[in-house]
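First residue of the sequence shown: 1, per full-length UniProt numbering; consecutive thereafter.
First up is the structure itself, then whatever we jot down about it.
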Amino acid sequence: MKKLNDQLKFYAVTDSRWLGEQTLYQQVQAALEGGVTCVQLREKHMDKMKLLQIAQEIHQLCQSYQVPFIMNDYVDLAIACKAEGIHVGQKDMQAMQVRAQIPKDCLLGVSVQTVEQAKLAQAQGADYLGVGTIFPTMTKSDALTVSKQTLTAICQAVQIPVVAIGGIEQTNIQQLAGTGIVGVALVSSIFAQEDITQSCIQLKKEIWRHL
């Protein structure tokens with residue numbers, strides 16, 4: 001379990017809205033250079049054929065850094081590009097259905113907001129949980145905020161690793177110390193930054209200091 005905990009510690013989640021002059025591949029490479037330990041490809045509005053091509057390229061990039069590559073939502077694409085994991089939300093397929101379709105060694109992550117959802121996801125075969133939104137965020141405007149108290153309760157209620165997500169940045173990571181999470185997942189704090197690598201280096205210092 002320690003290995004998975006380490007892999008989930010500094011979890012990057014892509015969002016191509018902040019590409020600017022860079023490609024998604026270049027942004028992910030910059031994040032990997034800065035020390036991220038896990039990469040999730042989350043692109044909900046991209047053509048699936050284009051997304052598969054990008055997934056294959058970024059998966060290969062992640063492999064060169066020995067960092068797990070996780071596909072968001074699309075189980076078929078995760079299988080097609082041989083991703084190390086798949087992550088689904090509460091509005092997607094149930095964890096049990098996903099677990100039945102993916103290879104045994106494929107990680108299954110599930111987004112949850114309550115203790116009940118967390119326990120169910122664990123019972124249905126989830127390997128780790130993503131809990132959020134922890135702080136207000138513009139990345140998901142419709143997301144419900146999860147209190148620090150609920151986050152702590154979820155960590156205490158399950159035996160699988162928990163990652164916090166939503167509005168997390170360098171200045172508020174310390175507020176999550178002691179909750180029981182093994183890591184944090186970040187979107188804009190990585191991919192909306194002008195110098196992604198340098199931002200990740202600074203974020204990594206805070207994460208290792210407090211978690």
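Even glycine gets a Cβ: it sits at the ideal position worked out from N, Cα and C.
- Message: If you measure between the beta carbons of PHE135 and ASP15, is that distance less than 7 angstroms?
- Response: In this structure, ASP15 does not lie closer than 7 angstroms to PHE135 by Cβ.
- Message: Taking a contact to mean a Cβ-Cβ separation below 7 angstroms, would you say ARG42 touches ASN72 in this structure?
- Response: Cβ distance < 7 angstroms, so ARG42 and ASN72 count as in contact.
- Message: Quick check on TYR11: does DSSP put it in helix, strand or coil?
- Response: Correct three-state label for TYR11: strand.
- Query: Using the beta-carbon count (16 or more within 10 Å), is LYS82 buried or exposed?
  - Reply: Exposed, since its Cβ has fewer than 16 Cβ neighbours within 10 Å.
- Item | Which of helix, strand or coil DSSP assigns to ILE190 | Three-state result, ILE190: helix.
- Drop a sphere of 10 angstroms on the beta-carbon of PRO103, count the other beta-carbons inside from all chains shown, and report buried for 16 or more, exposed for fewer. Counting Cβ neighbours within 10 Å, PRO103 comes out exposed, since fewer than 16 surround it.
- Item | In chain order, each alpha helix (DSSP H) run of at least 4 residues that lies wholly inside the stretch 134 to 211 | With a minimum length of 4 residues, the continuous alpha helix (DSSP H) runs that stay inside the stretch 134 to 211 are 148 to 157, 188 to 191 and 196 to 210.
- Query: Does the stretch 144 to 162 touch the stretch 120 to 135, meaning 3 or more C-beta pairs lie closer than 8 angstroms?
  - Reply: The stretch 120 to 135, when compared against the stretch 144 to 162, does touch it at the 8 angstroms Cβ threshold.
- Message: Assuming VAL115 and LEU108 are in contact, meaning their beta carbons sit under 8 angstroms apart, how far apart are those beta carbons, in whole angstroms?
- Response: Contact check for VAL115 and LEU108: beta-carbon distance about 19 angstroms, past the 8 angstroms limit, so the pair fails to qualify.
- Query: Rounded C-beta distance between ILE196 and GLN60? I'm assuming under 8 angstroms.
  - Reply: The distance from the Cβ of ILE196 to that of GLN60 is about 19 angstroms, inconsistent with a contact at the 8 angstroms cut-off.
- Whole-number beta carbon distance between VAL36 and PHE10, since they are thought to touch under 8 angstroms: That belief holds up - the Cβ atoms of PHE10 and VAL36 are roughly 5 angstroms apart, short of 8 angstroms.
- Query: Given that a residue counts as buried once 16 or more other Cβ atoms are within 10 Å of its Cβ, and exposed if not, what is ALA118?
  - Reply: Around the beta-carbon of ALA118, 16 or more other beta-carbon atoms lie within 10 Å, marking it buried.
- Taking the alpha-carbon positions, what's the GLN101 to VAL67 distance? Taking the straight line joining both Cα atoms gives about 23 angstroms.
- Task: Return the first residue and the last residue of the beta strand (DSSP E) that residue 215 is part of.
- Result: Beyond the ends of the chain as shown, which are 1 and 211, falls residue 215; an answer cannot be given.
- Start and end of the alpha helix (DSSP H) containing SER111? For SER111, there is no enclosing alpha helix (DSSP H); the enclosing beta strand (DSSP E) covers residues 107 to 112.
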